[in-house]
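Trainee: Below is one structure. I have some questions about it.
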Amino acid sequence: GKLAKLRDRFGSVGLADKDRVFNTEMTGVLELDFMLDVAASIANSALNRRESRGAHSRTDFPARDDVNYLKHTLAYRTDGMPRIDYSPVKITKWQPVERKY
């Protein structure tokens, strides 16, 4: 997809400034690398969550699904590959309710 193409293009990024002190060009490249990681995590998390909830809205899954997705999404990268996992939401004082806008 588009993110994979951007990641491939990132592999050809070079630095004209080789200085290791106050190198804003290097900072920009490192930030871009991290932004591509975050974008991949967001996209993979969204594809794995087959529901709509809050700002996450899917036309193919328009309803909220507390049975399967009342949990936090955890994103990892293992050996360069994304991995999505989940942890349960701890319900304390307030029970979750669907927001109606």
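Be aware that the sequence shown starts at 1247, since it is given in this note's numbering, and climbs by one per residue.
Cβ atoms here follow ideal geometry from the backbone N, Cα and C, with glycine treated the same way.
Every value quoted in this text rests on a predicted model; they were computed, and no experiment measured them.
1. Which one of G1300, A1250, V1335, K1339 has the shortest CA to CA distance from K1346?
2. Can you give me the start and stop residues for the beta strand (DSSP E) that R1323 sits inside?
3. I'd like to check one pair, S1298 with A1321: are the Cβ atoms closer than 8 Å?
4. In or out: R1255 buried (at least 16 other Cβ within 10 Å) or exposed?
5. Check the DSSP bridge columns for D1331 and list the partner residues they point to.
6. Can I1330 and S1291 be called in contact, C-beta distance under 8 Å?
Mentor: Let me spell this out:
1. Position 100 of the sequence shown holds residue 1346. Of the candidates G1300, A1250, V1335, K1339, the one whose C-alpha sits nearest the C-alpha of K1346 is G1300.
2. As a first step, residue 1323 must be located in the sequence shown, where it is residue number 77. Run containing R1323: 1317 to 1324, per the beta strand (DSSP E) assignment.
3. The sequence position of residue 1321 within the sequence shown is 75, counting from 1. The sequence position of residue 1298 within the sequence shown is 52, counting from 1. It is not a contact, given that the beta carbons lie outside the stated cut-off.
4. Residue 1255 sits at position 9 when you count from the first residue of the sequence shown. With fewer than 16 other Cβ atoms within 10 Å, it is exposed.
5. Position 85 of the sequence shown, counting from 1, holds the residue named residue 1331. D1331 is bridged to L1320.
6. Residue mapping note: residue 1330 aligns to position 84 of the sequence shown, counting from 1. Residue mapping note: residue 1291 aligns to position 45 of the sequence shown, counting from 1. Yes; because the gap between Cβ atoms is below 8 Å, this pair is in contact.
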